[in-house]
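Mapping of the sequence shown onto the numbering used here: residues 724 to 1359, in sequence order.
Heads up, the beta-carbon is just placed ideally off N, CA and C, and yes, glycines get one too.
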Amino acid sequence: MKHLLLSALAAATLLPLSAKAPKDPVLMTVDGVPVTLSEFEYLYHKNHGQQIDRQSLDEYLDMFTIYKLKVAEARRQRVDTIQAFQQEFNGYRAELVAPYLRDSLTEKQLVKEAYDHMKESVEVDHLMVPLEKKALIDSLRQALVNGADFTATAQKYSTDPSIRSNNGYYGWISAGQFPYEWEEGVYNTPVGEISDVITTRYGHHLAKVRNRRPNPGEVHARHILLTYPNERTDEANAAVKQRIDSIYGALQAGADFADVAKRLSDCPSGAQGGDLGWFGTHRMVPEFEAVSFALADGEISKPFTTQFGWHIVERMGHRGIAPFEQMEASIRAKMAQDGRSNRAVETKIAQLKKAYPSKVLQSGLDRINQAVAAAADFDSAIESLAHDTTPLITVADSTVTIADFMNPRPRIAPGSDPSTALSAMADERLNEVVLTYEDHRLEKKHPELRNIVNEYRDGMMLFEVSNQKVWNAAANDYAALNEYFKTHRDKYTDWSEPRFKGYVIYATSDSLIQEVNKFIAANPSIETDSIGPVLRGAFPRNIKIERVLLPKGKNNVVDYAGFGAELPDLSGERRWKYFTTYQGRVIDQPEEAADARGAVTADYQSELEKKWVEELRKRYPVKINKKILKKVKPLQ
C-alpha cells in the first residue's frame, strides 16, 4: 500500500536541466509552509496523467489542499525526524541527486569508451606488488622496458595470488572484468609494450600487451569433467584417461550428452546436464576457453586436460557483442562498480571548484605541520589539534576548521610521512566538502528535482500519519468496527445466498480428531474467537484450524458441514485427511463486523477520514494566491 501511494516517482533517470532556477512564485501556504507554482503544476499534471476521469482545477486544488493538510499534521508530529524515516528518505534522495553530482558529458564518454573496449579483447601478462612498494614497481617497469623477461620478473616479484598457476599470463581479457584503472591502462598500451604503472586499491600493477583481436563474443557450452584421482599414480591416471576415452567413444556413437553428464560428470554442472551457460573470455581457465571458442556450434571436443581434470566440451551456440543501444543500460549499471563513475564525479568536482571559490589554506596546513613537528608522536599531535578552530578548508561561504578535519581522527599508513599524508587527506576532504556544498543547493537550483524530492518526502509523511490516524485505527479497533457495524447494519444485508460460518479443524489422523472433539466437549467455556490459540496450545502438532465464511459450492468440507452434501473423500490429501467443525452454522446475513470485514473496515475508514480532515481544516490555516492559481498551465 505504501509503495502504491508513493507511486513510481522516478521512472526515468533524472538529469540536470538548468544551472539557474527560474522565478517560482508561491501558490499557497499550508500552516505557513509555502507551496510553489512548479510543485503544484508538477503534481497536477502527473496526477491527471495517471487518471482516466479528469478532475477540474478546483477539484484537484481541494484534494491537493487535503494532502498538504495531512503533511502538516505529520510535520507537527515530527514524523520526519524518526530515524527509520530519515534513513529511507535519505537513501532515496541520494539515488535521485547522484546524476547531478556527476558530469553527464564525461559519463557519456565513459559509457562509449566502455563499449569500444568491449569490441576488442587483449592478450596480457600481469604482475602486481603491494601499494607500499612504489619504488619497486618503478624499477621493475624500467627493467622490463629495457628487455627483462616479463614471466621471470612476475614469478620473482608478483604478489598476485594467481601467479602460482599462470606465471603472470592472464590470457585474453575483455572490458568490464577488472577494475577500471587496470582496464584503462591495458587498453591504452600498444601491442608488445609495457604499460605505465597502474594503481588500484589492490596494489601497483604492470601489464605487457601481447596481442589484440576483435572480441570473440560469448559461447554457450556444456561439459563433462572427470577429476584427477587423489593419489595421482600412473595406474590411477591411466584409469581416468581410459574412462574419459570411453565416454568420448559413447558420445561419438550417439549417446545423449546431457544424460551422460548427469550420470558421470564430477562437476556440479552435471546436475544440469553439464550446461555452463554463456561465458566470454577470461571466465574459464585458458585451456578450457581456447577449446570452447575453437569449436563449431554442435561440435564435441576430444578429451583434454586442465588443472581440474579431463574434460569433454560441446559448444551449443555463439553470439557476438550486442549493439550499443542494447548494451548502454547494462554498461551504466556496471559503471558504479568498476570505478568509471568516479571519473565523472572527479570532472564534476573540478567544475564546481571553478564555480565556488575552493581551497585548502596553507596557513591551516602550516599549523598542522607545526603541531606534528612539536609532538612526541603522531597521535599526540592529532590530540593537540582536536579543538583547533583554525580554518583549513574554504568552499564559498563554508569553512572546515582543523578540529572538523580531525573528526574522525585521521589515520596514516605505517612509515608514511605525516605532513604529506595529511596534505593529501585535506585535498580529499576539500573534494567532499565541494560536493556536499553543491548537494545542499541542488533543490534550489533544479525545480524538477525539488518537486520529486518533496513528493517522495511528503508521500512518506502522508503514509505514516494516515496509517496512524485512519488505516491502522480502523483495521485494529475491533470494538469500534463492531459498533459501526451495529449502527449501520442495514448497509450490509446484500448477501445473495446464505453462508456457513464457523471453524474447520483438520488433523493428520482420526484418533487425533477424536481427541480434539473430547477436548472441546470438556471445555465448553472456550470463547469462539479463542478456539485457535487454545487448540494450538493443547495440540501443538498435526492440526490445522481455519475460520470459514463461505457459500455453498466453494469448499467440499463446508458443503458437507453446512449444506447437506456427501462426506468428502480426503484420502488424496497429503496431510489433512480428517476434520471436525466448531460452532458451525448457516447464516443468511452478516451477524458481526467480521462477517463483512472488508466492506465495514473501508466504510469506517472513510468516516474516520472525513472527521480527521474536518479537524485538520480547523487546525491549520490555508492561504491561496488566486492570481498565481490563474497561471497554472492547463492540462493537455
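Under 7 Å Cβ to Cβ from residue i, same chain only, skipping five residues before and after it: list those, please.
| i | result |
| --- | --- |
| residue 762 | 1174, 1177 |
| residue 1047 | 838 |
| residue 1118 | 1079, 1081, 1156, 1157, 1160 |
| residue 779 | none |
| residue 1044 | 841, 842, 938, 940 |
| residue 1353 | none |
Secondary structure at residue i, three-state DSSP: helix, strand or coil?
| i | result |
| --- | --- |
| residue 1008 | coil |
| residue 737 | At residue 737, the pLDDT of 38 sits below 50, so the modelled position is not reliable; the number obtained from the coordinates is stated separately. Coil, per DSSP. |
| residue 1298 | coil |
| residue 880 | helix |
| residue 1014 | helix |
| residue 1037 | strand |
| residue 935 | strand |
| residue 1305 | strand |
| residue 943 | strand |
| residue 1129 | coil |
| residue 842 | coil |
| residue 1143 | helix |
| residue 956 | coil |
| residue 1068 | helix |
| residue 747 | coil |
| residue 1340 | helix |
| residue 1355 | coil |
| residue 1113 | coil |
| residue 1163 | coil |
Quick check on residue i: buried or exposed, where buried means 16 or more other Cβ atoms within 10 Å of its Cβ?
| i | result |
| --- | --- |
| residue 1071 | buried |
| residue 914 | exposed |
| residue 884 | exposed |
| residue 1059 | exposed |
| residue 1167 | exposed |
| residue 796 | buried |
| residue 858 | exposed |
| residue 756 | exposed |
| residue 868 | exposed |
| residue 997 | buried |
| residue 1206 | exposed |
| residue 1061 | buried |
| residue 1163 | exposed |
| residue 826 | buried |
| residue 1331 | buried |
| residue 896 | buried |
Confirm, please, whether the CB-CB distance from residue j to residue i is below 9 Å.
| i | j | result |
| --- | --- | --- |
| residue 1152 | residue 1116 | yes |
| residue 943 | residue 1000 | yes |
| residue 1208 | residue 1325 | no |
| residue 886 | residue 877 | yes |
| residue 899 | residue 906 | yes |
| residue 1188 | residue 800 | yes |
| residue 1281 | residue 1193 | no |
| residue 1224 | residue 1342 | no |
| residue 937 | residue 843 | yes |
| residue 1303 | residue 1246 | no |
| residue 765 | residue 1165 | no |
| residue 1335 | residue 1231 | no |
| residue 1125 | residue 1091 | yes |
| residue 836 | residue 1064 | no |
| residue 845 | residue 910 | yes |
| residue 1233 | residue 1301 | yes |
| residue 989 | residue 950 | yes |
Given residue i, which residues of its chain have a CB within under 6 Å of its CB, disregarding the five upstream and five downstream residues?
| i | result |
| --- | --- |
| residue 1351 | 748, 750, 760 |
| residue 1122 | 1114 |
| residue 730 | Residue confidence for residue 730 is low, a pLDDT of 39 falling below 50, so the modelled location carries little weight and cannot support an answer. |
| residue 1358 | 771 |
| residue 727 | With a pLDDT of 37 at residue 727, under the threshold of 50, the modelled position of this residue cannot be trusted; read the value that follows with caution. None. |
| residue 931 | 848, 873, 917 |
| residue 1269 | 1227 |
Run through the DSSP bridge pairs and tell me what residue i is partnered with.
| i | result |
| --- | --- |
| residue 1272 | 1224 |
| residue 950 | 1032 |
| residue 991 | None; residue 991 has no bridge partner. |
| residue 1042 | 941 |
| residue 998 | 945 |
| residue 926 | 923 |
Excluding the 5 residues preceding and the 5 following residue i in the sequence, name in chain order all residues of the same chain whose CB lies nearer than 8 Å to its CB.
| i | result |
| --- | --- |
| residue 812 | 803, 1179, 1180, 1183 |
| residue 1084 | 1114, 1115, 1116, 1117 |
| residue 1025 | 971, 1035 |
| residue 1362 | Outside the modelled stretch of the chain, which goes from 724 to 1359, sits residue 1362, for which no answer is possible. |
| residue 1311 | 1218, 1221 |
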